[in-house]
Amino acid sequence: MRKVFAYCIITCLVVASRAFAGAGEDGLDRYDLLGPEDRLTASFTYLEGKVVLNNGAVLSVPEGYRFLNAVQGRTLVERLWGNPQNPGFLGLLLPKPGSRTANDLFGIEISMDESGYLSQSEARQLNYNILMQKMQQRLAQDNNWRSRRGLNAVTDMHWALPPVYHESDNTLQLARILQLGKNTAVLNYELRMLTRTGALCLTAVAPIGQLEQLQALMPAMGARVHLPIGQRYLDFNPHTDRLAAWTEKMRRMGEILDAHHFFQGLLNTWLFVAVSLLMVLFIYIMQYVHRRREMPKQLFRVDERLN
């Protein structure tokens with residue numbers, strides 16, 4: 284199944300405790316003593332300043348962070364952290380060792396979701412209960428993938444905050460709590476920047492206690508990503524671009540499950556049936572009256588007894 288919002292698409296990062304242990308900062312003598320995984324992370328080349336992503340967007344790396352490109356970031360996320368492949372992966376933002384956010388934020392994955400254009404009206408009417416059900420179904424598939432590789436499964440997922448859509452900048456904020464086993468939980472905070480073809484997604488992973496900080500941090504991070512002309516939300520061309528059909532289906536499913544819409548639909552159905560029956564009865568009566576009028580009048584009566 285493709286990402287839904289591929290929906291939600293949705294990226295769930297499982298964090299390894301040693302993933303941010305000062306890779307690349309050691310001397311050559313200590314480098315030789317590192318294990319295979321640590322040696323791999325120590326070989327990464329981190330970028331700062333302005334970075335051009337593979338889709339043409341420009342990222343201004345904030346102070347205190349460093350960026351891993353798509354190739355090296357995919358190695359870290361998929362090979363070392365044990366996450367399923369994300370075809371839209373563009374890179375990874377990591378706090379610098381010793382920075383102010385090093386203990387508050389594990390990382391921010393940047394990816395592109397080419398699920399189609401989401402209109403303003405659809406974004407306002409999204410049913411987030413149905414959206415969570417879709418993500419949980421995807422999570423079950425990911426857990427099957429993890430179990431086959433001997434990795435820890437995500438046992439539960441639920442909203443940390445009610446999702447919010449901001450029309451001013453066409454962004455959707457989805458804050459989820461992922462339960463890893465019985466005693467471990469992480470915060471998965473996704474900022475979806477709607478575009479002409481889907482959404483540019485910034486997914487942060489942090490301890491649960493950083494929820495308020497991420498509410499302020501993620502919009503600021505989104506403001507540091509600049510989409511090229513032709514990919515922006517306002518560049519949508521209704522004659523050539525693909526719509527996000529799954530959102531309309533999700534919205535309708537939500538209306539079916541909603542009691543008000545259910546009874547309203549039922550009422551509308553009965554009204555339709557009643558009106559249809561009245562129309563059929565009216566047509567039948569009119570035909571009967573018309574036939575009565577066309578019957579020839581008998582001018583005289585024949586007495587059968589005369590024969």
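Counting from 284, one number per residue, gives the positions in the sequence shown under my numbering. All C-beta atoms in this analysis are idealised placements derived from N, C-alpha and C, irrespective of residue type, glycine included.
Buried is the label assigned to A487, since at least 16 other Cβ atoms lie within 10 Å of its Cβ. If you ignore the 5 residues before and after R475, its C-beta comes within less than 6 angstroms of the C-beta of L455, A482 and C484, all in its own chain and listed in chain order. For P521 and E405, the gap between their C-alpha atoms comes out near 15 angstroms.
Every alpha helix (DSSP H) stretch that sits fully inside the region 450 to 518 and reaches 4 residues is listed by chain position as 494 to 505.
Distance from the CA of G374 to the CA of V556, rounded to the nearest whole angstrom, comes to 56 angstroms. Look at K417 here: in three-state DSSP terms it is helix. DSSP, reduced to helix, strand and coil, places V335 within a strand of the structure shown. Within the same chain, and ignoring the five residues on either side of G513 in sequence, the residues whose Cβ sits closer than 8 angstroms to its Cβ are R479.
About 14 angstroms separates the beta carbons of P446 and L470, which is beyond the 8 angstroms limit, so they are not a contact pair. Selection D518, N427, R432 and L359 evaluated against E392 yields L359 as nearest (Cα-Cα). Around the CB of L351, 16 or more other CB atoms lie within 10 Å, so the residue is classed as buried. Taking C-beta atoms as the reference points, A340 and L477 fail to come closer than 8 angstroms.
In the DSSP annotation of this structure, the continuous segment of the alpha helix (DSSP H) that includes R357 starts and ends at A353 to R357. For L330, same chain residues with a beta-carbon under 6 angstroms away, outside a window of 5 residues either side, are F350 in chain order.
Taking a C-beta distance under 8 angstroms as the contact criterion, R507 and L388 do not qualify as a contact pair.
Going by DSSP, S404 is part of the alpha helix (DSSP H) stretching over Q403 to R407.
For P378, the enclosing beta strand (DSSP E) covers residues F372 to P378.
Judged by DSSP in its simplified three-state form, R349 adopts strand.
Y567 sits exposed, since fewer than 16 C-beta atoms from the chains shown fall within 10 Å of its C-beta. The Cβ atoms of G371 and E397 sit closer than 8 angstroms to each other. Secondary-structure assignment with DSSP links E392 through a beta bridge to L375 and T486.
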